[in-house]
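Colleague: Protein chains in written order, with my numbering: chain A, 2 to 172; chain B, -19 to 372. Heads up, the beta-carbon is just placed ideally off N, CA and C, and yes, glycines get one too. In this text, all values refer to a predicted model and were calculated from it rather than measured experimentally.
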């Protein structure tokens, strides 16, 4: 879905079109849920956070104005904030547990995913977060900058360093 | 796999992470059934004021309000101390347009004293324009701010004595103190540098007032000349009196001697008949009367002379005393010129005061204003990108 299609769907959804809203759900929920489940390591919690994210997004959708910001960036900003609110209450990020990743995938890919998971577990939270937003959420550097509320150049630098550290951990 | 491209690996991993929840349809239906919130209600809730910007602006205004009268008061206190120090003598700061008539009054405000107060400077009186002598009487006043008033007072006292000065009075308490002293005029420059070094440039304010004592000196010189002339005149008059008296007395004595010799001749004559005897007696009587008269005039002359002599002596003595007095005044004046009378006021300074010395209130207000602008732009940025809280 390109930005123009996304904006058309947003306009329709803002006008009360449930089908457009459903299309947005279908487009963004896999990324959003993948991001949440990778962040929280808890499917049930991820589902709860997904619901609260969408509820807040729908509540604020009538006031949403693109201004060069994609809806996905906005949704991930809300999801990120939901996670932070949860951590503020629980005061910690749950440790990585590969056994919780119970998604059925092919053997080779499962091995690769476990390897990446182990590599990411050696990185800092900020590095993991920027890699999640880039590769799970599939956000552009510009959108990541909006989500993290930092400079565009800073995102490029951080992403480059995070990947370099991941490569180092891989070797 | 280890050697594969990290980007491909992460992209594959990211794609594999994307998934739908198991209860996707249920959750989706729940979400889609949620009513859309009316715009107006949420719009009012979403409006947020830039409180941080307001707070910084208020602080900037407060800092500005505090800064303005504070600087004014500090300057006023310095001026007051100067006025006191200079005593009854008129004092003026260096004001070129008012000082054009000569160098009779000179005041210097060195270093960081950008302030000046104007009063009528002492004008030279009856001083010839060609007389370019400078007999500067210097008064020195300084304000020192310190964290330890007592220690500073003790150090200044030692410094004054180190410069061959004399401490006239000293007072020190926890919050303020002063020291009055006199030092040789030629030591003033080194003394000021020493005090500034002890106190620190930022905590030291000095005022110098110098007044040319030439009018007083000229007046003394005129009086001395006048008194000397008067003394010489009196001495000459007395001498003339003596000479005139001696001449008059000698004349009288000569006349008396002449009359006595004539009387002696008559006494030696032997009358031939009674008529001649009567004539001789009449002549003798006449001569004796004249002699008595001359003696009386001589005595009167002596009395007058003595009286006038005493009068002259008395006047000469007074004139001499006046001359001695003028000489003493001249010596005192020169001593005054050769020394500097000074007072150093010491006051306690708080940490906030030290900050104020280094960063003026205007700068603090300016920095707070910049912070307010930055806070406002941050606020604007959060408005452009919708808050994760879901507010537009």
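Would residue 127 of chain A pass as an interface residue toward chain B - the criterion being a Cβ-Cβ separation below 8 Å?
Modeller: Looking up residue 127 of chain A in the first chain gives position 126. Answer no: the Cβ-Cβ gap between residue 127 of chain A and chain B never drops below 8 Å.
Colleague: Is residue 218 of chain A near residue 14 of chain A, with beta carbons less than 8 Å apart?
Modeller: There is no way to answer for residue 218 of chain A, as the model of chain A reaches only from 2 to 172.
Colleague: Which residues of chain A have a Cβ atom closer than 8 Å to the Cβ of residue 327 of chain B, listed in chain order?
Modeller: If you number the second chain from 1, residue 327 of chain B lands on position 347. Residues of chain A passing the Cβ test: none, with the nearest at roughly 50 Å.
Colleague: To the nearest angstrom, how far is the alpha carbon of residue 160 of chain A from that of residue 185 of chain B?
Modeller: Taking the first residue of the first chain as 1, we reach residue 160 of chain A at position 159. Taking the first residue of the second chain as 1, we reach residue 185 of chain B at position 205. Spanning the two alpha carbons is a distance of roughly 58 Å.
Colleague: Against chain B, with Cβ distances strictly below 8 Å, would residue 131 of chain A count as a contact?
Modeller: In the first chain, residue 131 of chain A corresponds to position 130, counting from 1. Not one chain B Cβ lies under 8 Å of residue 131 of chain A.
Colleague: Can you give the Cα-Cα distance for residue 47 of chain B and residue 154 of chain B, rounded to whole angstroms?
Modeller: For this step, residue 47 of chain B is matched to residue 67 along the second chain. For this step, residue 154 of chain B is matched to residue 174 along the second chain. Roughly 26 Å between the two C-alpha positions.
Colleague: Any C-beta of chain B sitting closer than 8 Å to the C-beta of residue 155 of chain A?
Modeller: Residue 155 of chain A sits at position 154 when you count from the first residue of the first chain. No, no contact with chain B.
Colleague: If you measure between the beta carbons of residue 118 of chain B and residue 194 of chain B, is that distance less than 8 Å?
Modeller: On the second chain, position 138 is the one that residue 118 of chain B refers to. On the second chain, position 214 is the one that residue 194 of chain B refers to. Cβ distance not < 8 Å, so residue 118 of chain B and residue 194 of chain B don't count as in contact.
Colleague: Any beta-carbon of chain B closer than 8 Å to the one on residue 1 of chain A?
Modeller: This structure cannot speak to residue 1 of chain A, because chain A is shown only from 2 to 172.
Colleague: From the DSSP output, which residues share a beta bridge with residue 325 of chain B?
Modeller: Position 345 of the second chain, counted from the start, is the residue given in the question as residue 325 of chain B. Paired residues: B:123 and B:158.
Colleague: In terms of residues, what are the limits of the alpha helix (DSSP H) holding residue 316 of chain B?
Modeller: Position 336 of the second chain, counted from the start, is the residue given in the question as residue 316 of chain B. Segment 254 to 318, the alpha helix (DSSP H) holding residue 316 of chain B.
Colleague: By Cβ distance below 6 Å, which residues in the same chain neighbour residue 138 of chain A in space, the five residues on each side in sequence not counted?
Modeller: Mapped onto the first chain, residue 138 of chain A falls at position 137. Answer for residue 138 of chain A: 32, 36 and 77, listed in chain order.
Colleague: Output the distance between the C-alpha atoms of residue 151 of chain B and residue 134 of chain B, rounded to the nearest integer angstrom.
Modeller: Mapped onto the second chain, residue 151 of chain B falls at position 171. Mapped onto the second chain, residue 134 of chain B falls at position 154. Answer to the nearest angstrom: the Cα atoms are 10 Å apart.
Colleague: Take residue 317 of chain B as the anchor and find which of B:262, B:298 and B:192 has the nearest alpha-carbon.
Modeller: For the purposes of this step, residue 317 of chain B is identified with residue 337 of the second chain, where counting begins at 1. Of B:262, B:298 and B:192, the residue nearest in Cα terms is B:192.
Colleague: Would you kindly report the start and end of the unbroken beta strand (DSSP E) that includes residue 185 of chain B?
Modeller: For this step, residue 185 of chain B is matched to residue 205 along the second chain. Unbroken beta strand (DSSP E) run through residue 185 of chain B: 184 to 192.
Colleague: Using beta carbons (cut-off 8 Å, strictly below), is residue 51 of chain A in contact with chain B?
Modeller: As a working note, residue 51 of chain A is residue 50 in the first chain. At least one chain B Cβ lies under 8 Å of residue 51 of chain A.
Colleague: Rank B:112, B:127 and B:178 by C-alpha distance to the C-alpha of residue 137 of chain B and give the top, closest one.
Modeller: Here residue 137 of chain B refers to the residue found at position 157 of the second chain. The residue with the shortest Cα to Cα distance from residue 137 of chain B is B:178.
Colleague: Spell out the partners DSSP gives residue 28 of chain B in its beta bridges.
Modeller: Taking the second chain and counting its residues from 1, the one referred to as residue 28 of chain B is at position 48. None, per the DSSP bridge assignment.
Colleague: List, in chain order, every chain A residue whose beta-carbon is nearer than 8 Å to that of residue 330 of chain B.
Modeller: Indexing the second chain from 1 puts residue 330 of chain B at position 350. Residues of chain A passing the Cβ test: none, with the nearest at roughly 40 Å.
Colleague: Reducing DSSP to helix, strand and coil, say where residue 42 of chain A ends up.
Modeller: Position 41 of the first chain holds residue 42 of chain A. Coil.
Colleague: For residue 118 of chain B, write down the residues that DSSP places opposite it in a beta bridge.
Modeller: For the purposes of this step, residue 118 of chain B is taken as residue 138 along the second chain, with counting starting at 1. Answer is B:190 and B:320.
Colleague: Would you please verify whether the beta carbon of residue -10 of chain B is less than 8 Å from any beta carbon of chain A?
Modeller: Position 10 of the second chain, counted from the start, is the residue given in the question as residue -10 of chain B. It does; some Cβ of chain A falls within 8 Å.
Colleague: Closer than 6 Å by C-beta to residue 131 of chain A: which residues in its own chain qualify, once you throw out the five before and the five after it? Chain order, please.
Modeller: As a working note, residue 131 of chain A is residue 130 in the first chain. The residues are 159, 160 and 163.
Colleague: Buried or exposed for residue 122 of chain A, please, with buried defined as at least 16 other CB atoms from any protein chain shown within 10 angstroms of its CB.
Modeller: Looking up residue 122 of chain A in the first chain gives position 121. Exposed, by the Cβ-count rule.
Colleague: So does the stretch 204 to 224 of chain B actually touch the stretch 159 to 175 of chain B, counting three or more Cβ pairs closer than 8 Å?
Modeller: Counting Cβ pairs under 8 Å, fewer than three are found: no touch.
Colleague: Mapping the DSSP letters down to three states, classify residue 63 of chain A as helix, strand or coil.
Modeller: Numbered from its first residue, the first chain carries residue 63 of chain A at position 62. Looking at residue 63 of chain A - three-state DSSP - the assignment turns out to be helix.
Colleague: Have a look at B:43, B:180 and B:313 and flag the residue whose alpha-carbon is nearest the alpha-carbon of residue 345 of chain B.
Modeller: Here residue 345 of chain B corresponds to residue number 365 of the second chain, with the count starting at 1. It is B:43.
Colleague: Can you tell me the Cβ-Cβ gap for residue 175 of chain B and residue 324 of chain B, rounded? I've got them flagged as a contact below 8 Å.
Modeller: Locating residue 175 of chain B in the second chain gives position 195, where the first residue counts as 1. Locating residue 324 of chain B in the second chain gives position 344, where the first residue counts as 1. At roughly 7 Å, the Cβ-Cβ gap stays under 8 Å, so residue 175 of chain B and residue 324 of chain B are in contact.
Colleague: Just curious, the beta strand (DSSP E) that residue 150 of chain B is in, first and last residue?
Modeller: Looking up residue 150 of chain B in the second chain gives position 170. Residue 150 of chain B -> beta strand (DSSP E) spans 146 to 152.
Colleague: Expressed to the nearest angstrom, what Euclidean distance is found between the alpha-carbon atoms of residue 91 of chain A and residue 181 of chain B?
Modeller: Numbered from its first residue, the first chain carries residue 91 of chain A at position 90. Numbered from its first residue, the second chain carries residue 181 of chain B at position 201. In a straight line, the C-alpha of residue 91 of chain A is about 57 Å away from that of residue 181 of chain B.
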